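Data first, discussion second: the structure below is written as structure tokens.
There are 4 protein chains.
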Amino acid sequence: MSGNTFGNLFAVTNFGESHGPAIGCVIDGCPPGMALTEADIQHDLDRRRPGTSRHVTQRNEPDAVEILSGVYEGKTTGTPIALLIRNADQRSKDYQNIAQSFRPGHADYTYWHKFGIRDPRGGGRSSARLTAPTVAAGAVAKKWLAEKYGLVFRGCMTQIGDIVIPFESWDHVPNNPFFAPVADVAALEDYMDSLRKAGDSCGAKIRVTATGMPVGLGEPLYDKLDADIAFAMMGLNAVKGVEIGAGFASVAQRGSLHGDSLSPQGFKSNNAGGVLGGISTGQDLEVAIAIKPTSSIITPRESIDTAGQSTEVVTKGRHDPCVGIRATPIVEALLALVVMEHALRQRAQNADVKQDVPPIRASFL
Amino acid sequence: MSGNTFGNLFAVTNFGESHGPAIGCVIDGCPPGMALTEADIQHDLDRRRPGTSRHVTQRNEPDAVEILSGVYEGKTTGTPIALLIRNADQRSKDYQNIAQSFRPGHADYTYWHKFGIRDPRGGGRSSARLTAPTVAAGAVAKKWLAEKYGLVFRGCMTQIGDIVIPFESWDHVPNNPFFAPVADVAALEDYMDSLRKAGDSCGAKIRVTATGMPVGLGEPLYDKLDADIAFAMMGLNAVKGVEIGAGFASVAQRGSLHGDSLSPQGFKSNNAGGVLGGISTGQDLEVAIAIKPTSSIITPRESIDTAGQSTEVVTKGRHDPCVGIRATPIVEALLALVVMEHALRQRAQNADVKQDVPPIRASFL
Amino acid sequence: MSGNTFGNLFAVTNFGESHGPAIGCVIDGCPPGMALTEADIQHDLDRRRPGTSRHVTQRNEPDAVEILSGVYEGKTTGTPIALLIRNADQRSKDYQNIAQSFRPGHADYTYWHKFGIRDPRGGGRSSARLTAPTVAAGAVAKKWLAEKYGLVFRGCMTQIGDIVIPFESWDHVPNNPFFAPVADVAALEDYMDSLRKAGDSCGAKIRVTATGMPVGLGEPLYDKLDADIAFAMMGLNAVKGVEIGAGFASVAQRGSLHGDSLSPQGFKSNNAGGVLGGISTGQDLEVAIAIKPTSSIITPRESIDTAGQSTEVVTKGRHDPCVGIRATPIVEALLALVVMEHALRQRAQNADVKQDVPPIRASFL
Amino acid sequence: MSGNTFGNLFAVTNFGESHGPAIGCVIDGCPPGMALTEADIQHDLDRRRPGTSRHVTQRNEPDAVEILSGVYEGKTTGTPIALLIRNADQRSKDYQNIAQSFRPGHADYTYWHKFGIRDPRGGGRSSARLTAPTVAAGAVAKKWLAEKYGLVFRGCMTQIGDIVIPFESWDHVPNNPFFAPVADVAALEDYMDSLRKAGDSCGAKIRVTATGMPVGLGEPLYDKLDADIAFAMMGLNAVKGVEIGAGFASVAQRGSLHGDSLSPQGFKSNNAGGVLGGISTGQDLEVAIAIKPTSSIITPRESIDTAGQSTEVVTKGRHDPCVGIRATPIVEALLALVVMEHALRQRAQNADVKQDVPPIRASFL
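Here the protein sequences come in this chain order: G, C, A and B.
Quick note, the first sequence lines up with residues 539 to 903 if you use this note's numbering.
Quick note, the second sequence lines up with residues 539 to 903 if you use this note's numbering.
Quick note, the third sequence lines up with residues 539 to 903 if you use this note's numbering.
Quick note, the fourth sequence lines up with residues 539 to 903 if you use this note's numbering.
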């Protein structure tokens with residue numbers, strides 16, 4: 539419970555710093571007998587990898603993962619799977635100027651007061667680089683859930699800065715650096731180019747879904763499926779808001795509209811976002827998150843130093859002008875980790891439950 | 539970890555059903571030596587209590603709490619504090635008609651598939667009545683945090699249905715049944731009266747804050763303070779969205795605006811909502827949540843029964859037309875439970891940390 | 539994790555003090571759909587109940603259990619089962635003389651230093667009375683394991699003071715107040731009578747077994763089945779030693795003798811005590827524990843008071859001259875709780891594992 | 539909670555297999571600001587290392603540890619400390635003959651039934667090699683506890699096979715390969731030489747202590763200090779029994795003897811072994827464990843294969859003829875991990891407790 543482990547039955551313990559020798563994680567609780575190779579994990583790591591377009595940080599990290607344990611003759615053994623990613627392209631001297639001052643919007647100030655010591659190189663432990671092990675663990679969960687339930691996790695960007703991105707098709711998502719569900723991203727590219735020239739940054743809104751959900755995942759009272767989703771998403775660097783289903787729009791809805799009707803063929807809408815009473819309905823999970831603008835910008839900012847005196851901070855180094863651009867594979871991974879945890883938990887306590895009437899799924903989504 | 543315990547070091551285990559003999563909780567981990575009586579807890583229970591205005595359910599529950607353990611000669615002993623609330627005003631026959639069908643927007647369908655059995659009386663375990671033990675536990679946390687750090691938790695309603703409620707003053711909040719921070723709630727009353735006549739329901743938006751926060755609470759990587767806040771809030775019945783600080787508005791903000799500047803006198807804004815890198819900054823925690831419209835309405839709804847056949851559901855019984863109206867004391871309690879957990883955790887691992895420069899607080903909030 | 543919860547998937551949270559208003563527990567994680575009434579639990583509580591022979595404390599407690607939640611129409615619902623036992627026969631004034639001094643062998647001194655406050659009435663939280671909720675929870679686990687796997691838990695006394703008790707038959711155990719597996723307990727009664735006259739107390743050795751174990755329960759590396767058994771047993775009041783299988787005798791055994799051979803018909807011995815590599819073999823679990831002599835004796839003892847000054851302590855009140863006499867139902871319950879936890883855990887992670895060759899069992903035990 | 543993490547506030551997650559690429563652990567919860575280098579850890583690893591005398595396995599492993607994270611400029615940062623040990627001297631072909639049969643006394647049979655798959659090379663996950671990461675983590679805990687409280691952990695062998703080893707002095711322990719507290723180990727060497735010639739193995743009894751304990755560590759009801767010690771010790775490979783203080787001898791003791799008297803100068807004996815009511819008394823922790831004889835012997839044993847047919851097993855490879863010989867540094871590490879966990883936990887909940895009268899310590903031990 540010391541803060542760096544995600545989940546209980548499928549427990550992912552994350553370690554490392556941005557400019558330390560390595561980052562990685564240990565996955566404890568993966569069921570045995572599943573085929574697993576480094577390639578299964580590398581695919582999602584590559585989707586998250588920096589340096590793949592001009593719109594993201596130019597740090598060049600291969601993010602090559604090594605499986606250290608838990609796999610024998612190509613199959614998981616039910617014992618811990620340790621994953622190691624060596625850091626390759628640190629430029630720690632970029633951070634000397636901020637070692638004694640606090641960047642606005644960053645964790646510098648809070649780490650310093652909490653721990654009394656902080657590794658300033660690349661943000662140390664608070665760097666978004668630490669999402670790589672999460673993505674790696676998520677890839678393992680995704681594979682198991684796909685094989686077991688046919689579950690599919692998909693995410694896309696729905697807004698960047700003040701540009702709302704319409705949903706055209708999931709097919710477009712892999713074809714542009716924004717994970718945008720549109721064919722033409724020229725407007726997005728122009729927007730990012732102008733932002734970069736201005737030395738500024740912007741936020742983004744990301745949608746993430748799970749299709750093929752079993753009914754019954756989630757534990758009332760407190761450990762609800764949506765509670766754990768909110769925990770996972772808000773725990774991601776830079777996230778400031780989480781919505782399930784209709785989200786904040788539900789405030790102004792009437793009950794006669796919001797409550798999703800049921801028919802023998804399925805639910806007739808999905809304002810619930812796939813969760814009722816904290817338990818999955820079998821409909822798609824529908825989650826949206828707000829990501830704040832990157833705090834590392836070259837625009838000078840007013841701040842203080844570790845002596846409490848006024849100073850001005852300019853953040854150099856290599857940074858994403860919109861951390862939301864690379865967020866999609868990460869939020870897919872986080873959603874997969876939450877579902878995995880609850881899938882195993884459901885087997886523990888309710889493995890004997892059988893209903894005569896099979897679950898219904900939404901027909902229209 | 540079986541779903542009904544909130545927290546680890548300050549662990550609240552909740553039990554009971556809406557129409558069972560009793561509800562309650564066991565608090566494990568309250569530090570010893572704090573003065574505690576039933577009156578300390580009853581105050582917040584009374585704020586949440588049903589039947590106190592025409593705008594909420596008319597179920598008449600005294601919600602009288604009994605301390606069963608953990609207190610000796612008026613002081614906490616460091617051992618578990620068991621709190622018991624007997625149910626007094628059940629009308630279980632109101633629910634006979636829905637025992638075999640699933641109310642849209644309710645947990646009926648998911649409980650039935652998850653557990654293979656459900657207590658339909660008053661929603662059973664999924665009833666909002668189970669927030670009473672949470673409020674009781676929160677009152678204990680609030681008291682300790684107030685005595686130890688001077689922490690104050692406050693909440694208010696900021697929107698009901700499509701009526702946005704401006705913030706006038708915290709002083710108004712206790713003076714109206716909506717927990718609205720305005721002097722004149724006539725418009726809100728009219729709105730609720732017309733809604734009730736229409737047999738419909740609406741949602742609400744609630745704001746909750748903590749003032750007097752210590753710096754340094756929250757555990758990166760995963761168990762961030764804001765992650766745990768999101769977990770707590772999204773785990774509350776009917777919540778569909780959670781925001782910290784600028785929330786979804788941060789998507790369209792520029793980094794040069796969003797990142798809160800620091801000066802020797804304090805932070806100059808609070809877009810962060812009091813959390814950076816998952817750790818408290820010392821500024822006020824600022825949280826907002828979206829509550830969906832009540833699902834229990836007398837308007838007939840299309841649904842299915844446990845045989846999978848079409849049916850129509852009309853929900854009688856006594857219900858809140860807007861569950862958000864009574865939500866404020868609950869979200870205060872939840873925020874207090876999260877802060878309490880992290881306050882204890884901080885002592886465990888970082889008790890020796892001392893900085894020469896004292897933490898700064900926001901001067902303007 | 540705050541010390542008063544046993545288990546994770548089948549989590550039992552215990553509350554109460556010896557002379558407070560009530561004791562009890564909340565069981566979180568019991569699978570749904572099992573028939574359960576108070577009578578199912580009362581049976582084991584009655585086996586542990588004080589006042590049933592002249593050899594145990596004369597405190598008269600009916601220990602009547604009330605189910606407060608988690609059961610609907612006679613079946614478990616998968617939600618928390620709260621169990622309440624009101625204290626009935628407190629004589630708190632017996633303890634006024636020890637409120638300011640520390641009884642040797644008791645938890646008085648350590649509670650006082652740990653918590654800075656202690657409830658001296660009947661030992662408060664450290665009283666063996668708090669094993670009653672454990673027994674109640676164990677009864678629920680036993681019932682589920684019996685129905686699901688045909689598991690049977692049995693315990694007996696194998697030594698009291700310096701009298702070693704031979705094993706004649708399980709059939710004798712319910713027929714005497716010692717839970718001794720012998721037909722004739724006259725020697726034991728004489729021994730206890732003389733001890734009582736001497737104002738002294740003695741220890742006991744208890745054996746507890748589980749028959750009908752599934753193969754595969756237990757989690758390497760740390761959360762081994764035998765590790766959790768040792769945790770459970772050593773956590774019981776007054777226990778000073780735990781053995782699995784051959785126990786301390788294995789030190790002097792040769793490897794060629796100790797390692798239990800396997801044949802197609804089963805294991806040929808059970809030095810392992812039913813656990814290899816932390817995982818159940820399918821053989822009977824065989825556990826032995828040492829219980830120290832009761833610390834509450836009327837013989838005057840040298841001690842100190844809360845001011846650190848020398849004093850003499852005589853413990854009046856009503857006490858068991860050998861706490862081991864009533865220990866058997868408790869250790870059965872503890873073993874059942876450990877097995878229950880691992881049975882659920884096994885379903886979570888290894889539900890898909892199937893071997894062509896069925897497990898073998900020991901044929902001779 | 540998936541089995542491979544030890545502790546909560548000081549959580550050690552262990553990974554790796556005997557013949558995989560690497561073993562290691564992640565320590566989450568180490569307080570920040572402590573000086574730490576690889577040399578601090580290597581010392582205890584070297585004490586446990588194989589190949590250092592003719593009485594232990596001849597596998598040659600340098601067990602060189604690499605710190606991957608959590609340390610910055612030579613100090614702990616409060617973030618996870620990942621420790622990596624590459625395996626260097628595997629001879630996996632030694633194990634081909636046992637891949638399809640089950641060695642008596644080994645975890646082969648139980649792993650195969652639990653997981654449906656097992657890594658037979660060197661015992662895979664069930665190998666005693668996996669105690670190396672535990673020793674490494676224990677070295678970190680030892681260092682913190684030594685600096686903070688002056689705590690010292692010491693262990694020694696007290697029996698090997700049927701030879702009881704008298705206690706002469708702690709000073710002798712580092713001077714012989716048995717960790718025996720005697721000056722002359724010729725008899726032990728002769729015993730082991732004859733055993734090795736016979737192709738057999740033997741057990742051992744180990745004592746481990748902690749000196750300088752603070753009063754007040756341990757959580758009643760269930761998570762008692764002695765319960766966690768028993769969990770830790772019984773969870774170690776090959777352990778079949780655990781005693782605290784007087785252990786099994788307390789069965790035949792009278793209460794008037796067993797209960798340790800207190801005087802203003804300290805406790806007058808230590809039958810309690812440093813724990814009363816599950817909480818440390820400030821006296822030395824006194825723990826003894828029984829280790830079974832090594833199961834890997836070259837004497838042919840009767841067994842079955844994975845088809846359930848009779849077979850004979852001869853275990854070749856390089857093995858310790860008495861696994862107890864190298865156990866001492868491991869049990870010291872385990873005891874340190876338990877104390878560390880409870881030391882942090884005590885700070886969380888009882889940091890404000892102060893007693894006017896300082897704790898007493900035993901004067902004579």
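Positions of the beta carbon are idealized from the N, C-alpha and C atoms, including for glycine.
Fair warning: this is a prediction, and the values are worked out from it, not measured in the lab.
Contact list for Thr844(G) against chain C, beta-carbon separation under 7 Å: Val895
Outcome for Ala725(C) when other beta-carbon atoms lying within 10 angstroms are tallied against a minimum of 16: exposed
8 Å Cβ cutoff, Cys694(B) in contact with chain A: no
Sequence ranges, beta strand (DSSP E) only - wholly within the stretch 553-625 of chain C, length at least 3: 560-566, 603-605, 619-624
Proximal residues, the stretch 874-887 of chain A versus chain G, C-beta separation under 8 Å: Leu882, Arg883, Arg885, Ala886, Gln887
Beta carbon proximity, Val891(B) to chain C, threshold 8 Å: yes
Ile636(C) - DSSP class collapsed to helix/strand/coil: helix
Reduced DSSP secondary structure (H/G/I, E/B, other) of Val876(B): helix
Chain-ordered neighbours of Gln847(A) on chain B, where CB pairs are closer than 8 Å: Pro802
Separation of Ile701(C) from Ile561(A), as counted between CA atoms: 49 Å
Cross-chain neighbours of Phe705(A) in chain C, by beta carbon under 7 Å: Simply none; closest approach about 38 Å.
Proximity to Phe716(A) [Cα-Cα], best of Lys743(A), Phe691(A), Ser732(A): Lys743(A)
Spatial neighbours of Arg597(A) in its chain, beta-carbon cut-off 7 Å, leaving aside the 5 residues before and after: Pro588, Gly589, Asp627, Arg856
Reduced DSSP secondary structure (H/G/I, E/B, other) of Gly541(C): coil
Rounded separation between Gly578(G) and Phe691(B) - CA only: At residue 578(G) the sequence reads Asp, which differs from the Gly that was named. Taking the straight line from one Cα to the other gives about 45 Å.
Length of the line joining the Cα atoms of Gly558(A) and Ser607(C): 6 Å
Contacting positions in the stretch 726-744 of chain B - beta carbon closer than 9 Å to chain A: Leu733, Ala736, Gly737, Asp738, Ser739, Cys740, Gly741, Ala742, Lys743
Distance cut-off 7 Å: Asn635(B) Cβ against heavy atoms of the ligand ADP: The ligand ADP is not part of the structure shown, which contains no ligands of any sort.
Short Cβ contact (8 Å threshold) for Ser665(A) with Cys860(A): no
Distance between Asp632(G) and Arg624(G) (C-alpha atoms, nearest Å): 20 Å
Under 7 Å (Cβ pairs) to chain A, residues found in the stretch 745-764 of chain B: Val753, Gly754, Glu757, Pro758, Leu759, Tyr760, Asp761, Lys762, Asp764
Cβ pair Glu757(B), Ser540(A) closer than 8 Å: yes
Whether Arg585(C) touches Ala670(C) by CB criterion (8 Å): no
Separation of Arg656(A) from Val609(B), as counted between CA atoms: 41 Å
Buried or exposed by the 16-neighbour rule on C-beta atoms within 10 Å, applied to Glu840(B): exposed
Short-range partners of chain A found in the stretch 860-875 of chain C, where Cβ spacing is below 8 Å: none
With 16 other Cβ atoms within 10 Å as the buried cut-off, status of Asn713(A): exposed
CA-to-CA distance, Gly812(G) to Ser901(G), given in whole angstroms: Legend: pLDDT at Ser901(G) = 45, less than 50; position of this residue unreliable, value from coordinates given subsequently. Their Cα atoms are separated by approximately 13 Å.
Reduced DSSP secondary structure (H/G/I, E/B, other) of Leu903(B): For Leu903(B), the predicted model reports a pLDDT of 41, less than 50, meaning its position is unreliable; a value from the coordinates is still stated below. Looking at Leu903(B) - three-state DSSP - the assignment turns out to be coil, as it is neither helix nor strand.
Minimum Cβ-Cβ distance from Lys830(B) to chain A less than 8 Å: yes
Leu903(A) versus Gly846(B) - alpha carbon distance: Its pLDDT being 41, under 50, Leu903(A) is placed unreliably in this model, and the value from its coordinates should be taken loosely. Straight-line Cα distance between these residues: approximately 20 Å.
Cut-off 7 Å between Cβ atoms - residues of its own chain near Ala721(G), not counting five sequence neighbours on either side: Glu706, His710
Start-to-end residues for the alpha helix (DSSP H) that takes in Val678(B): 669-687
Every unbroken beta strand (DSSP E) inside the stretch 827-893 of chain G [3 residues or more]: 839-842, 848-851
Anticipated Cβ contact below 8 Å, Ala674(C) with Cys563(C), distance rounded: 6 Å
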